[in-house]
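Going by the numbering used here, the first residue of the sequence shown is number 473, and it counts up by one from there.
The block underneath contains the structure these notes are about, expressed in structure tokens.
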Amino acid sequence: ERTVYNSGLFDFKTIHSMTAEKINTKIEITWKAIEIYQKKGKVSIPDLVDATKLSASEIYAHFPNKKSILSFYYPALIYQYWAMIEEIDDFEDYSLSEKFSNFIYTLFDMMSESPAFVDDTFDKHIFQKRSNSEFHKEVTVLFKDFLTSDGEIAVSAGFFMKDYFYKILASQYLFLVRFWLSDESIDKERTLALSDKLTSLLQEAVYNKTIDKGFDLVKYLFSSVGIGKDIPFVGDCITDLFNQKEEKKDE
């Protein structure tokens with residue numbers, strides 16, 4: 473049986489407009505729907521009423537239609553994942569590649585519990601919709617949290633770590649899931665190898681402080697040597713940039 477995490481494990485309000493109770497109820501309904509789908513290849517409201525012990529009106533109070541019940545399976549994975557990492561005491565100490573790898577492998581394991589459903593619906597419900605899917609939006613929020621809470625990120629990485637960057641990462645993750653679904657290698661070895669390379673590359677890109685050293689030189693030239701006095705506006709911009717970064721480190 474699946475585990476539906478209690479609302480007390482983390483505050484859904486910090487990541488979503490729905491209440492924790494409503495999200496957990498929706499997750500319970502969706503899990504039952506997926507169990508039915510795995511057995512019958514389809515889901516009917518009467519079957520769902522029987523499985524959940526809820527009335528049809530109670531089910532429709534949470535979902536507008538049957539399709540939305542099935543689609544909610546994917547963002548529900550992310551809500552479950554938020555709850556899971558809340559239980560990992562030292563998760564905040566994980567490196568960036570470790571966090572991304574943990575997410576990728578955990579989601580693969582979770583989706584492996586419902587292979588027929590995921591095979592039948594991922595492309596239609598998620599991949600074809602890309603950034604318009606609720607799943608993509610929730611993955612974007614998660615990835616943004618991973619990156620913005622990491623103290624090892626290089627100063628230079630801040631120039632491209634904007635909202636569009638997190639969305640691009642989420643889109644690339646959808647391609648990875650699609651690759652995983654079609655991977656026929658033993659134990660999905662090709663996907664695991666690709667995942668390791670991608671997470672390592674991402675960490676190397678945002679942790680690399682080589683460019684930061686160049687910034688340190690520029691800062692020194694402008695603030696200590698006094699080059700900025702000759703071009704005040706540029707000098708002020710450089711100084712402000714590094715002052716903001718120092719304030720962020722202090723926090």
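Glycine included, every Cβ here is placed at the ideal spot set by N, Cα and C.
Between the region 581 to 599 and the region 530 to 547, the count of C-beta pairs closer than 8 angstroms reaches three or more; the two stretches touch.
Excluding five sequence positions before and after Phe615, the CB atoms of its chain that fall closer than 7 angstroms to its own CB belong to Tyr638, Leu641 and Ala642, given in chain order. Judged by DSSP in its simplified three-state form, Gln600 adopts coil rather than helix or strand. Tyr679 is a Cβ neighbour of Ala626, given a cutoff of 8 angstroms.
For Ser569, the CB contacts under 6 angstroms within the same chain, skipping 5 residues up- and downstream, are Thr671, Ser672 and Gln675 in chain order. Residue Ile508 holds the alpha-carbon nearest to the alpha-carbon of Val521 among Ile557, Phe599 and Ile508. By the 16-neighbour rule on beta-carbons within 10 angstroms, Ala533 is exposed. The region 553 to 568 and the region 498 to 514 do not touch, with fewer than 3 CB-CB distances between them shorter than 8 angstroms.
Under the DSSP assignment, Phe615 falls in the alpha helix (DSSP H) whose first and last residues are Glu606 to Thr620. The three-state secondary structure of Ala533, taken from DSSP, is coil. Per the coordinates, the alpha-carbon of Ala492 lies some 10 angstroms from the alpha-carbon of Ile499. In terms of Cβ geometry, Lys571 and Phe618 form a close pair [threshold 8 angstroms]. When rounded, the separation of the alpha-carbon atoms in Met633 and Thr620 is 9 angstroms. For Val649, the uninterrupted alpha helix (DSSP H) segment begins and ends at Asp635 to Ser654.
Thr663 sits in a helix when the DSSP states are folded into three classes. For the 8 angstroms CB-CB criterion, Ala528 and Lys504 do not form a contact. Going by beta carbons, Trp652 and Phe599 fall outside the 8 angstroms limit. The beta carbon of Ala677 sits closer than 8 angstroms to those of Ala629, all from its chain and outside the five residues before and after it, given in chain order. The Cβ atoms of Leu646 and Arg602 lie closer than 8 angstroms to each other.
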